[in-house]
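Residue numbers (this note's numbering): 504 to 893.
As structure tokens, this is what we get:
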């Protein structure tokens, strides 16, 4: 089915990576575990020559001297690499297959999170970050996991251990950089005890920041699933989004100072168009621009979120997997009735035609108002978000 091609594209492309840790109770990552990864990578590296010349100036950066191997980059404070050379960081960007805990390049974010503890399943936090877990460690240290994100788009996932070293502390961590929901880089740092120490005050500051973040409930992840029938239809609750409540919108409640234009509808009614910062709203009104009723609201800004936090720039499968689907098959005209009965709210329809790819969801409010969410895509990327009264 076209739907399967579009919505499981990432899975088909990478073949999925399943780890045993996802099937059992995953344990927090430790400095010892990351140290064992370093030992393995270093042992392999010492059997071959680096692809670059570590003595050249181009091999130097803030992480130290780069030793570039086919499967990894090793950063050290020396231009010679031996079994005893202190290593500052490891970076993986192109290795195929599992690298650590069954995860590697192109691992889906869902599979990555499943390979580690998860104490915050809805990813509550701020729009920029959230704590996944925070556990007490040995001798005053701690273990943690957190994500960095831009709204629903996770940009990095970090797991680490802060442990005491003499009268100081060090943080050893693995960070997964993400792009389009897939791992595209893995970095391990904090490996060099002589280089990466912090005092007790800095350790406490880091811990306090994580504690504070763990208490944040400002923002959370929208439920998403590859099993469409496990999801709910677009409904009246979805009409409240970002700073807006669609059915209650009035010209004087719009944010900012939108430019307005009163238009004769040539049927005895008038339209009031409001062009704001990142949005356009159209109201049905009288000749004075009063007694307004919302007709449509269009999101134009990439930072503004619509129902179920859809955003300009989303990929088709991201949005598809947030709403109910799977009740029917694709028709010959490349459309699919995702749920319900067309023409009788609630229902959803997908058009897979590349020339007019879109998702349409219609709901009916308790007051009998029918509202449609229309999502338009070009080359699989969301370009228009329109909420309008049917």
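Glycine included, C-beta positions come from ideal geometry on N, C-alpha and C.
Every value quoted in this text rests on a predicted model; they were computed, and no experiment measured them.
Straight-line gap, residue i to residue j (C-alpha atoms, nearest Å)
i           : j           : result
residue 858 : residue 758 : 34 Å
residue 667 : residue 544 : 25 Å
residue 864 : residue 824 : 13 Å
residue 793 : residue 609 : 54 Å
residue 705 : residue 673 : 10 Å
residue 572 : residue 555 : 8 Å
residue 685 : residue 795 : 45 Å
residue 654 : residue 707 : 28 Å
residue 464 : residue 642 : Because the chain spans 504 through 893 in this model, residue 464 falls outside it and cannot be assessed.
residue 627 : residue 651 : 12 Å
residue 688 : residue 869 : 48 Å
residue 656 : residue 768 : 41 Å
residue 619 : residue 878 : 34 Å
residue 888 : residue 542 : 50 Å
residue 531 : residue 691 : 15 Å
residue 752 : residue 849 : 22 Å
residue 576 : residue 595 : 7 Å
residue 553 : residue 695 : 21 Å
residue 603 : residue 615 : 10 Å
residue 882 : residue 818 : 9 Å
residue 770 : residue 784 : 20 Å
residue 585 : residue 558 : 15 Å
Cβ neighbours of residue i in the same chain (closer than 6 Å, five flanking residues each side left out)
i           : result
residue 566 : 578, 591, 592
residue 581 : 588
residue 713 : 634, 637, 647
residue 738 : 866
residue 890 : 749, 800, 876
residue 699 : 673, 693
Which of helix, strand or coil DSSP assigns to residue i
i           : result
residue 754 : helix
residue 701 : strand
residue 644 : coil
residue 832 : coil
residue 737 : coil
residue 628 : strand
residue 821 : helix
residue 815 : coil
residue 532 : coil
residue 596 : coil
residue 893 : coil
residue 806 : coil
residue 729 : coil
residue 710 : helix
residue 724 : coil
residue 540 : helix
residue 742 : helix
residue 545 : helix
residue 716 : helix
residue 696 : coil
Pair within 8 Å by beta-carbon distance, residue i and residue j
i           : j           : result
residue 661 : residue 678 : yes
residue 803 : residue 782 : yes
residue 701 : residue 612 : no
residue 828 : residue 693 : no
residue 548 : residue 570 : yes
residue 821 : residue 744 : no
residue 851 : residue 826 : yes
residue 776 : residue 756 : no
residue 885 : residue 813 : yes
residue 839 : residue 853 : yes
residue 893 : residue 742 : no
residue 779 : residue 754 : no
residue 723 : residue 625 : yes
residue 623 : residue 598 : no
Nonlocal neighbours in the same chain, by C-beta distance under 7 Å from residue i, ignoring five residues either side
i           : result
residue 789 : 773
residue 645 : 637, 638, 639, 665, 710
residue 600 : 607
residue 717 : 634, 637
residue 676 : 661, 662, 663, 692, 693
residue 720 : 627
residue 632 : 649, 650, 651, 652, 716
residue 540 : 603, 691
residue 816 : 805, 884, 885
residue 746 : 758
residue 837 : 505, 854, 855, 856
C-beta neighbour in chain D for residue i, strict 8 Å
i           : result
residue 833 : In summary, chain D is missing from the structure at hand, where a single protein chain is found.
The ligand HEM heavy atom lying under 7 Å from the CB of residue i
i           : result
residue 570 : The model on display carries no ligand, and the ligand HEM is accordingly not part of it.
- prompt: What alpha helix (DSSP H) runs, 4 residues minimum, are completely inside the region 600-626?
  reply: 612-617
Entirely enclosed beta strand (DSSP E) segments - the region 548-591, minimum 3 residues: 567-571, 576-579
query: Unbroken beta strand (DSSP E) runs of length 3 or more, entirely within the region 635-689: which are they?
result: 645-653, 656-668, 671-682
task: Tell me the start and end of each unbroken beta strand (DSSP E) in the region 747-803 that is at least 3 residues and wholly inside, in chain order.
output: 762-767, 773-779, 782-788, 796-802
message: Extract the residue ranges of the beta strand (DSSP E) inside the region 831-875, only unbroken runs of 3 or more that lie entirely within it.
response: 838-844, 847-854, 861-867
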